[in-house]
Every structure is written in structure tokens, then in C-alpha cells.
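Engineer: Counting along the sequence shown from 1, when you hit position 17 you're at 17 in our numbering, and nothing is skipped either side.
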Amino acid sequence: MSTYVYGITAATHPALPEGTAGVGDPPRGVRILKEGALAAVVSDAPEGLRPKRRELLAHQNVLSEVGAGGCVLPMRFGSVAPDDEAVTGVLAERAEHYAERLGALDGRVEYNIKASHVEEAVLHHVMAQNPEIRALAESNRKAGGGTYETKIQLGERVAAAVKDKEAEDATTLERALEPVADAVSVGPESTGWLANVSFLVKGEAADEFLAAVEQARGSMPHLEIRVNGPLPPYSFVEPGPAEPAGTVAGGADAGAE
1 MSTYVYGITA ATHPALPEGT AGVGDPPRGV RILKEGALAA VVSDAPEGLR
51 PKRRELLAHQ NVLSEVGAGG CVLPMRFGSV APDDEAVTGV LAERAEHYAE
101 RLGALDGRVE YNIKASHVEE AVLHHVMAQN PEIRALAESN RKAGGGTYET
151 KIQLGERVAA AVKDKEAEDA TTLERALEPV ADAVSVGPES TGWLANVSFL
201 VKGEAADEFL AAVEQARGSM PHLEIRVNGP LPPYSFVEPG PAEPAGTVAG
251 GADAGAE
């Protein structure tokens, strides 16, 4: 039977409530595998597991339960090892790495920030800041809409200016928030978002971080800024080398939207 891995903690971590259930239908019982100073929170891995909402929530709920008792290194949804021995073997092999990460992430949470442009507002900004685009738009207007070629030219210039503005605003937003965070992790590009950035924040600094987000919203009203968190620090576990051997590559982030 393969083993589903939720996260890694210290062996001294408080025990989970009896009957804690995880992924699967019916839900698999959650148990603890200990190896030296470390422990892995696991269950039997169900067959044919898919990232459906119910399963993602089950994964997240287990991590929330574990996190309530102290620091946990969260594995992403779909992390599966061949068996219990494979999990404890990796705990032993990477003991120093996991111990360092538990110390670095203790008392910290992740906030994921996504931002996109408010279309009408950013177009107004682009027109206001680019005399050449304004002149071309006015010329087209006076010519009854302009020729096919001038319409294409205007569209291309506006699109390029918006793309430049996206890059500028992504950098400005990140710089506005990073002083309140301990670490920053830029996520993969995704359709519809000009910024997808995760911030590692001390628990006691959460209010200060959220206040910085509100300040950014006020100073950049042409942005729609979306906050997801607090989350377990998925983006700061170094999931590539840190996940147990045999885990499913490309597992969905249970904290993702």
C-alpha cells in the first residue's frame, strides 16, 4: 500500500486528535511516522486520487490541524511515496535539511498575493502617460475611426504599453510588501494575473502585512489585488528536493485558488 504524505514535523509535535481523517472516500485515517527527531504525517494513499475540491480540503484540513500544534512543512496535494519505509528513509536521509526548514518556518505563515489590472483604469493610465498613443487615437477619431492599418497600429501600441505597465506594477507591488515579509517567492505566471507572489510572514506581523496590502490598494487603484492566506508555507519548503522520494510530480497546491 502506497503512503500519502501531508507534511513533516518535529517528532515532539503534539499528537493529533484521535480519529483525524484525511483524503479518500471513505477518508483514510491519519497517522504519524517517526524517524529520529522528525515525523511525517501520513495516511494510506487511495487509488485514483484526483484534485477535487473535497480532497483538496481534506488535505488542507489535516495540515491546519497539525499546524495548530506547531510548525509543519506542508507537502503539496498528491505527494505519495511507495510505502512507509520510503518515507522514513527520506526523513533519515534529509534530516538536516528538514530540521533547518522547521526552524526557519516556525511561527510563520504564507500569504499569496495575486494582482490584475482593472481594464478601464489601466487603459486610461496608458493613454494619459503616452503622448504618441494619445495622438494616434485622436488622429483615428478625427478620421472616423482610422484605417485598418492605423487601427492595428494603435492596438499594438496599447497592448505593448499595457504589458510594460504590468511588469512595472508587479515590481512595485512586490517591493511595497517585501519589507514586511521574511522571504518572497515568485510563483509561476498564470493567465489573468500580472503578479503571483507568495510572502513568508511572521504570525505576529500578519496585521502589519495586511495593512501594507491595503496601503498598496490605495496607492495603486488601477490594480485588483487578491489575498489568499494565512496558509501553511507551501512556497518556502523547497518542494523539489524536499518532498519524499516517490511523490507524484506536479501535485496541486492545496492552498491554491
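Heads up, the beta-carbon is just placed ideally off N, CA and C, and yes, glycines get one too.
1. What are the start and end residues of the beta strand (DSSP E) that includes Tyr261?
2. Are the segment 79-98 and the segment 189-199 touching, with three or more C-beta to C-beta distances below 8 Å?
3. Based on DSSP bridge pairs, tell me the residues matched to Leu231.
4. Out of curiosity, what's the CA-to-CA distance linking Lys202 and Ile133?
5. Under 8 Å Cβ to Cβ from Asn130, same chain only, skipping five residues before and after it: list those, please.
6. DSSP three-state label for Asn130, please.
7. Write down the C-beta distance between Tyr4 and Ala45 rounded to the nearest angstrom, noting that I regard them as a contact closer than 8 Å.
8. In the structure shown, what three-state DSSP assignment does Arg226 receive?
9. Could you tell me the boundaries of the alpha helix (DSSP H) in which Lys151 lies?
10. Just the C-alpha distance for Val184 and Phe199, rounded to the nearest angstrom, thanks.
11. Quick check on the burial criterion: 16 or more other C-beta atoms within 10 angstroms. Buried or exposed for Glu55?
12. Go through its chain and collect everything with a Cβ distance to Val62's Cβ below 7 Å, but skip five positions before and after it.
13. State the start and end residues of the unbroken beta strand (DSSP E) segment that holds Glu55.
14. Which partner residues does Ser285 have in the DSSP bridge list?
15. Would you report the Cα separation of Ala211 and Ala104, rounded to the nearest angstrom?
Structural biologist: Once the coordinates are examined:
1. The displayed coordinates of the chain run from 1 to 257. Any statement about residue 261 would go beyond what the structure contains.
2. Cβ pair count under 8 Å is below three, so no.
3. Indexing the sequence shown from 1 puts residue 231 at position 231. Answer is Glu110.
4. On the sequence shown, position 202 is the one that residue 202 refers to. On the sequence shown, position 133 is the one that residue 133 refers to. Annotation: Lys202 to Ile133 spans about 45 Å, alpha carbon to alpha carbon.
5. Here the question's residue 130 lines up with position 130 in the sequence shown. Arg157 and Ala161.
6. Locating residue 130 in the sequence shown gives position 130, counting from the first residue. Correct three-state label for Asn130: coil.
7. Residue 4 sits at position 4 when you count from the first residue of the sequence shown. Residue 45 sits at position 45 when you count from the first residue of the sequence shown. That pair is a contact at about 4 Å.
8. In the sequence shown, the residue the question calls residue 226 occupies position 226. In this structure, Arg226 counts as strand in the three-state DSSP scheme.
9. Taking the sequence shown and counting its residues from 1, the one referred to as residue 151 is at position 151. Run containing Lys151: Tyr148 to Leu177, per the alpha helix (DSSP H) assignment.
10. By one-based count along the sequence shown, residue 184 stands at place 184. By one-based count along the sequence shown, residue 199 stands at place 199. Their backbone Cα atoms lie some 5 Å apart in a straight line.
11. Taking the first residue of the sequence shown as position 1, residue 55 is located at position 55. Label assigned to Glu55: buried.
12. As a first step, residue 62 is located in the sequence shown; it is residue number 62 there, counting from the start. Within the same chain, Val62 has close Cβ partners Tyr6, Thr20, Gly22, Val30 and Val41.
13. Here residue 55 is taken as the residue at index 55 of the sequence shown, counted from 1. For Glu55, there is no enclosing beta strand (DSSP E); the enclosing alpha helix (DSSP H) has its first and last residue at Arg53 to Gly67.
14. Because the chain is modelled from 1 through 257, residue 285 falls outside the range shown and cannot be assessed.
15. Your numbering for residue 211 matches position 211 in the sequence shown. Your numbering for residue 104 matches position 104 in the sequence shown. Computed Cα separation, rounded: 24 Å.
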